[in-house]
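Which chain is which? The protein sequence lines are A and B, in order.
To convert a position in the first sequence, counted from 1, into the working numbering, add 44.
To convert a position in the second sequence, counted from 1, into the working numbering, add 199.
Positions of the beta carbon are idealized from the N, C-alpha and C atoms, including for glycine.
See below for the structure under consideration.
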Amino acid sequence: MDKYEVVVIGGGHAGVEAASVASRYGAKTLLITHDKSKIGEMSCNPAIGGIGKSHLAKEVDALGGLMAKAADKSGIHYRVLNSTKGQAVRATRVQTDRDLYKLAIQELIVSTKNLTIKEGSVIDLDIDDLKIKSVKTDSGEKIFTKSVVLTTGTFLGGVMHTGLEQSPGGRIGDPSSEKLAKKLRKLNLSVGRLKTGTPPRLNKNTINWDLLSPQSGDTPTPLLSYTSNEEERPKQLDCFMTRTNKETHKIIIEHLDESPMYSGVIEGVGPRYCPSIEDKVMRFSERDSHQIFAEPEGLNSDLIYPNGISTSLPLKAQEALVRSIKGFEKAEIIRPGYAIEYDYFDPKGLKHSLETKEIEGLFFAGQINGTTGYEEAAAQGLMAGLNAALQTNNKAPLILRRDEAYTGVLIDDLVSLGTKEPYRMFTSRAEYRLILREDNADMRLTEKGKELGIVPDLLWKTYLQKKELSNNELERLKKEKIKPNSPEAEKIHLLSGETTSNNISLLEILKRPKVFHHHLPQGENILPNNVIDEIEASVKYEGYIKRQKADIEKLQRNENTPIPSSLDYSNVVGLSNEVKQKLTEARPESLARASRLPGITPAAISLLMVHIKKGRRLVG
Amino acid sequence: MIDSRTIIAPASASGRGGISVIRMSGPLSNKIAKEMCGELAEPWRFKKCNITSNNGSLIDVGMVVFFKSPYSYTGEDIVEFHCHGNPMIVNLIIESALVLGAVVAEPGEFTKKAFLNDKIDLAQAESVADLINAQSESAIIAANSSLSGNFSKQVNGILDELTEARVFVEANIDFPDEDIDRTHMENLNERLIKLLGVVSGLLTSVQDGVKLREGYSVAIVGPPNAGKSTLLNLLARERVAITSDIEGTTRDLVRVPVNLAGLIIEFIDTAGIREDPENSIEEEGISKSIEVINKSNITLVVQDSTSVKPFNVELGESIVVMNKSDLMKESQPNDKNAFYVSSVSGEGVPELLSELIKKLEVDEGGETVFLSRKRHEECLIKGRDFIDESLEGLRQDLGLELIAENLKESHNVLGEILRPMSSDDLLGEIFSEFCIGK
Chain A
45 MDKYEVVVIG GGHAGVEAAS VASRYGAKTL LITHDKSKIG EMSCNPAIGG
95 IGKSHLAKEV DALGGLMAKA ADKSGIHYRV LNSTKGQAVR ATRVQTDRDL
145 YKLAIQELIV STKNLTIKEG SVIDLDIDDL KIKSVKTDSG EKIFTKSVVL
195 TTGTFLGGVM HTGLEQSPGG RIGDPSSEKL AKKLRKLNLS VGRLKTGTPP
245 RLNKNTINWD LLSPQSGDTP TPLLSYTSNE EERPKQLDCF MTRTNKETHK
295 IIIEHLDESP MYSGVIEGVG PRYCPSIEDK VMRFSERDSH QIFAEPEGLN
345 SDLIYPNGIS TSLPLKAQEA LVRSIKGFEK AEIIRPGYAI EYDYFDPKGL
395 KHSLETKEIE GLFFAGQING TTGYEEAAAQ GLMAGLNAAL QTNNKAPLIL
445 RRDEAYTGVL IDDLVSLGTK EPYRMFTSRA EYRLILREDN ADMRLTEKGK
495 ELGIVPDLLW KTYLQKKELS NNELERLKKE KIKPNSPEAE KIHLLSGETT
545 SNNISLLEIL KRPKVFHHHL PQGENILPNN VIDEIEASVK YEGYIKRQKA
595 DIEKLQRNEN TPIPSSLDYS NVVGLSNEVK QKLTEARPES LARASRLPGI
645 TPAAISLLMV HIKKGRRLVG
Chain B
200 MIDSRTIIAP ASASGRGGIS VIRMSGPLSN KIAKEMCGEL AEPWRFKKCN
250 ITSNNGSLID VGMVVFFKSP YSYTGEDIVE FHCHGNPMIV NLIIESALVL
300 GAVVAEPGEF TKKAFLNDKI DLAQAESVAD LINAQSESAI IAANSSLSGN
350 FSKQVNGILD ELTEARVFVE ANIDFPDEDI DRTHMENLNE RLIKLLGVVS
400 GLLTSVQDGV KLREGYSVAI VGPPNAGKST LLNLLARERV AITSDIEGTT
450 RDLVRVPVNL AGLIIEFIDT AGIREDPENS IEEEGISKSI EVINKSNITL
500 VVQDSTSVKP FNVELGESIV VMNKSDLMKE SQPNDKNAFY VSSVSGEGVP
550 ELLSELIKKL EVDEGGETVF LSRKRHEECL IKGRDFIDES LEGLRQDLGL
600 ELIAENLKES HNVLGEILRP MSSDDLLGEI FSEFCIGK
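Spelled out as structure tokens, the structure:
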């Protein structure tokens with residue numbers, strides 16, 4: 045009879061991070077997946093990163109996670125999005141070789157200490173006195189554990205739709221988890237349906253590449269992980285673009301009644317931000333063209349992923365719409381696109397640690413919480429796995445604040461607000477966007493990770509080096525000045541329209557718009573790009589960051605004002621019944637959290653604050 | 200949406216009069232009123248009835264009216280008792296209602312309920328207090344303009360514009376690969392310039408409104424014994440300041456509010472300023488005078504026209520007044536920029552006052568003036584500056600994320616005019632200005 049501290053169910057992007065971090069922490073961990081060879085599978089597009097998402101991937105990396113490293117080992121095309129804008133909103137996007145990515149994840153996970161991987165399908169959870177006791181697999185095995193991290197993705201009650209045909213399944217070729225879904229539906233958790241989709245895959249050799257416009261990756265080519273190196277990377281490929289046209293849109297409109305989304309067969313709500321081509325055509329009827337990236341699935345793959353035409357129309361209609369597109373006139377569909385509908389649980393039923401409020405020891409991460417995207421899944425997986433491990437060792441959970449990490453924004457949004465559509469990260473979700481950057485995820489998080497013992501030695505060493513380089517450079521910039529009338533002085537004058545003098549340090553000059561680090565006289569050390577990025581951002585944003593820090597401090601006071609769990613909201617004078625009911629249901633732990641609940645006005649918070657203070661005075 | 204407290208308080212001023220009105224709001228008000236007055240008429244209709252105490256004895260014969268939720272001032276069930284204007288009767292009615300489950304309202308609690316139930320926004324709540332405290336016709340018109348939501352509507356219009364601009368900027372940041380219309384980007388600058396104009400315009404109205412609410416102050420300064428206090432007494436139409444022929448009779452400041460053409464103007468009489476003060480008391484008085492000059496909207500520099508003395512104090516906007524024109528010998532030089540008046544006969548005073556009103560530059564009948572507060576002015580100034588900063592950012596080609604940051608700040612700070620975001624004690628402060636029953 046096996047006994048574990050943490051059992052992770054599911055080997056997707058949330059599952060592998062959960063299993064990896066729990067075992068890094070030192071917990072005896074088991075990963076159960078229905079097929080070992082599918083661990084780390086990219087079910088949708090073969091890419092990691094993008095706006096808001098790369099921030100999450102880097103945060104996972106800064107805490108010793110796997111995603112960014114695997115992306116660098118399989119990345120075949122890198123771009124920095126928003127490169128004309130400031131550091132805070134720049135985002136790396138890596139197209140990967142699907143097979144290499146999976147291989148990299150599997151190599152990383154197999155070599156993990158304290159971790160056992162088992163093939164099987166969990167069909168039941170044994171819960172006693174609202175505590176997790178064990179899980180049961182389809183082979184009849186009973187596995188005892190102190191905690192379970194559920195990362196079942198789209199497999200819970202998954203149904204795939206192509207046209208009006210439907211079949212149960214969690215991904216093409218993989219069965220869904222019906223029994224477990226049934227069991228979970230019986231628990232006192234609020235369940236809903238969501239849908240997501242994927243485009244058809246095309247045969248590379250049937251596309252007329254001459255008609256597509258090529259787009260090469262960025263040079264210098266960035267890396268996603270703080271600890272990757274250039275040599276690990278496979279060779280780089282171009283990516284190609286084409287567009288839909290009026291004919292494409294006409295075909296889609298003609299076949300709408302065969303689309304499960306528009307004929308009412310799918311009830312689940314789809315993501316607004318990653319819409320199917322049917323959605324785009326209907327919603328943006330004024331546009332007669334949409335962009336498509338023809339992304340290679342891998343170096344040795346014949347599959348092309350046409351990013352931008354996710355669809356669940358019947359195969360015949362898919363063929364017609366694909367062939368109406370320039371360059372795809374003779375394209376052959378190897379695998380049709382489909383929509384998948386699946387169960388998710390209202391994340392408002394979770395604590396900030398991602399443990400369910402209802403059942404002790406049961407943690408949820410990934411699409412089961414209503415999110416979409418690999419990076420969102422990985423960030424939750426890491427936090428859920430870590431907190432499960434911490435809890436089984438009687439340690440307080442790690443809860444990242446909204447001003448500390450996108451991961452904190454993600455979890456706080458889910459837990460406080462819930463979600464009605466698949467939740468995707470954006471930079472505009474973060475109030476403290478200027479502080480939460482790609483260039484400083486390690487500065488924000490790696491020390492926390494080190495304290496908990498989940499940061500590998502290489503990452504820690506890299507972090508310390510970067511910090512030292514950065515501090516030394518900042519010191520140099522503070523001390524050094526530009527000689528008046530020197531060529532450098534002239535250059536700065538030309539760039540910024542302002543002169544230099546003996547009294548103005550390089551640091552002050554760097555604050556000027558249009559002046560960047562490479563314009564300044566360089567020091568002895570050759571600095572890596574990520575150090576320069578970090579310095580430039582912290583110098584240029586300084587004024588704004590100060591203001592944001594002041595806001596954070598103000599909020600922190602509310603964050604630190606706990607609401608007693610015994611508080612009877614019906615006694616709070618002035619609150620409306622509706623607000624009282626909402627607060628009674630949500631039971632926020634602090635004033636700040638109460639203020640983020642939907643429908644809770646600042647006026648209500650004032651009343652609550654007065655009530656709590658009064659109570660304290662009476663007690664004190 | 201209803202608070203469980205039922206509150207009661209006299210709504211009319213205390214004392215004896217024709218009638219007094221008592222207001223009660225909350226879930227129990229209908230039930231309590233029925234116990235005291237029998238069946239009520241249908242909502243919003245008066246009914247003549249016997250008002251009895253909780254133990255059944257007759258207190259008064261009066262009128263009662265029921266305002267059904269949500270169509271009432273607070274948004275809750277409200278009952279008003281209209282009784283004979285005797286404080287004893289008012290007390291007996293309130294005491295009975297207290298026994299039947301009502302509680303005495305806190306100052307401003309009726310308006311606070313209206314705010315919490317979203318019947319009015321914060322700027323409107325503030326204007327209720329202002330309307331009650333208004334001391335001039337212009338102030339009443341301006342307070343009403345705010346209360347009826349004119350001011351809030353303009354602020355909301357600005358907030359909507361800002362939201363649109365922000366949505367556009369954020370979409371450009373979060374969807375860089377989508378085909379966002381480039382022409383919009385070029386329009387952003389234009390839109391923000393226009394918005395800046397709207398905010399500045401509203402700010403001007405608000406600044407006038409702040410003056411209107413807080414009144415104007417006019418300092419009366421000048422060398423000793425120029426007849427400043429005599430002029431003040433004339434303006435106040437009563438003897439408020441001691442006058443004599445002795446230099447330095449006025450040591451302390453004397454303040455008198457005067458209603459002039461619908462404006463509340465506070466005249467402040469100061470100690471005479473001499474070039475070489477004789478003692479520390481005089482020095483103290485002089486430094487006070489200078490402080491007053493700095494704080495007032497306009498300064499009247501009063502000179503004795505029969506013996507003009509040098510007066511070297513830095514002044515803001517000012518009018519030179521040559522006093523004692525009745526004692527003047529015709530041969531004396533005539534200063535064309537000065538107003539010659541006689542505080543004794545009143546000669547020349549009407550001309551002086553019309554010049555004063557002109558100089559105060561109250562925009563009458565032009566832009567709508569709202570009765571506004573410093574708080575509104577501060578929010579608008581900050582909001583304007585943040586828009587200005589985003590425009591500067593566009594000019595300097597700073598990253599879009601910084602434009603976004605400034606627009607967000609502007610949105611937050613302007614939003615606070617109607618709905619405070621920080622849960623400071625702002626609300627408590629605002630509603631504490633009310634007296635009980637409002």
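For residue i, which three-state DSSP category applies?
i, result
"Asp562 (chain B)", "Annotation note: pLDDT 49 at Asp562 (chain B) (below 50); position unreliable, no value reported."
"Val543 (chain B)", "coil"
"Leu619 (chain A)", "coil"
"Val499 (chain A)", "coil"
"Ala418 (chain B)", "strand"
"Gln210 (chain A)", "strand"
"Glu542 (chain A)", "coil"
"Gly429 (chain A)", "helix"
Could you give the distance in angstroms between the alpha-carbon of residue i and the alpha-carbon of residue j?
i, j, result
"Glu279 (chain B)", "Ile340 (chain B)", "27 Å"
"Gly396 (chain B)", "Ser87 (chain A)", "52 Å"
"Glu363 (chain A)", "His121 (chain A)", "27 Å"
"Ile586 (chain B)", "Thr543 (chain A)", "28 Å"
"Thr628 (chain A)", "Ser486 (chain B)", "59 Å"
"Ile258 (chain B)", "Ala440 (chain B)", "50 Å"
"Ser272 (chain A)", "Lys113 (chain A)", "6 Å"
"Glu566 (chain B)", "Phe245 (chain B)", "The predicted position of Glu566 (chain B) is uncertain, since its pLDDT is 48 and thus under 50; a value taken from the coordinates is nonetheless stated next. Distance between the alpha carbons of Glu566 (chain B) and Phe245 (chain B) is about 40 Å."
"Lys528 (chain B)", "Ser506 (chain B)", "11 Å"
"Asp562 (chain B)", "Leu555 (chain B)", "Summary for Asp562 (chain B): the model assigns pLDDT 49, below 50, so the residue's position carries little reliability; its value from the coordinates is reported in the next sentence. Cα to Cα, Asp562 (chain B) sits roughly 14 Å from Leu555 (chain B)."
"Gln353 (chain B)", "Leu401 (chain B)", "8 Å"
"Arg661 (chain A)", "Lys47 (chain A)", "Residue confidence for Arg661 (chain A) is low, a pLDDT of 46 falling below 50, so the modelled location carries little weight and cannot support an answer."
"Gly564 (chain B)", "Leu538 (chain A)", "Only weak support exists for where Gly564 (chain B) lies, its pLDDT of 42 falling under 50; the coordinates are left without a value."
"Glu241 (chain B)", "Asn249 (chain B)", "17 Å"
"Leu125 (chain A)", "Arg134 (chain A)", "6 Å"
"His293 (chain A)", "Gly70 (chain A)", "54 Å"
Sort the options by Cα distance to residue i and report the nearest one.
i, options, result
"Asn316 (chain B)", "B:His283, B:Ser268, B:Asn253, B:Gln353", "B:Ser268"
"Gly214 (chain B)", "B:Glu305, B:Met287, B:Glu591", "B:Met287"
"Gly381 (chain A)", "A:Leu347, A:Glu404, A:Ser329", "A:Leu347"
"Ile377 (chain A)", "A:Val575, A:Trp504, A:Met653, A:Thr355", "A:Thr355"
"Ala485 (chain A)", "A:Leu107, A:Pro340, A:Leu635", "A:Leu107"
"Thr242 (chain A)", "A:Pro350, A:Thr506, A:Ser67", "A:Pro350"
"Glu402 (chain A)", "A:Ser549, A:Gly93, A:Leu231", "A:Leu231"
"Tyr613 (chain A)", "A:Ser582, A:Asp577, A:Ile579, A:Leu652", "A:Leu652"
"Gly426 (chain B)", "B:Phe265, B:Ser203, B:Ile445", "B:Ile445"
Based on the DSSP secondary-structure assignment, which residues constitute the bridge partners of residue i?
i, result
"Ser219 (chain B)", "B:Cys282"
"Thr73 (chain A)", "A:Val50, A:Leu159"
"Ser209 (chain B)", "In the sequence as displayed, the identity of residue 209 (chain B) is Pro instead of Ser. Pro209 (chain B) pairs with B:Ile221."
"Ser517 (chain B)", "B:Thr498"
"Ser221 (chain A)", "A:Leu200"
"Glu234 (chain B)", "For Glu234 (chain B), which the question treats as bridged, DSSP gives no partner whatsoever."
"Pro350 (chain A)", "A:Ala338"
"Phe470 (chain A)", "Per DSSP, none; premise fails for Phe470 (chain A)."
Does the beta carbon of residue i fall short of 7 Å from some heavy atom of the ligand FMN?
i, result
"Ser295 (chain B)", "The ligand FMN is not part of the structure shown, which contains no ligands of any sort."
- [ ] Could you name each continuous alpha helix (DSSP H) segment of 4 residues or more that falls completely within the stretch 251-330 of chain A, going from the start of the chain to the end?
- [x] Unbroken alpha helix (DSSP H) stretches of 4 residues or longer found wholly inside the stretch 251-330 of chain A: 290-298, 321-327, given in chain order.
Task: Any beta strand (DSSP E) of 3 or more consecutive residues that is wholly inside the stretch 441-491 of chain B - done: 453-459, 462-468
Open item on the list: Runs of 3 residues minimum, wholly inside the stretch 258-342 of chain B: which ones carry the beta strand (DSSP E) assignment?
Closed with: The stretch 258-342 of chain B contains, as complete beta strand (DSSP E) runs of 3+ residues, the segments 277-284 (chain order).
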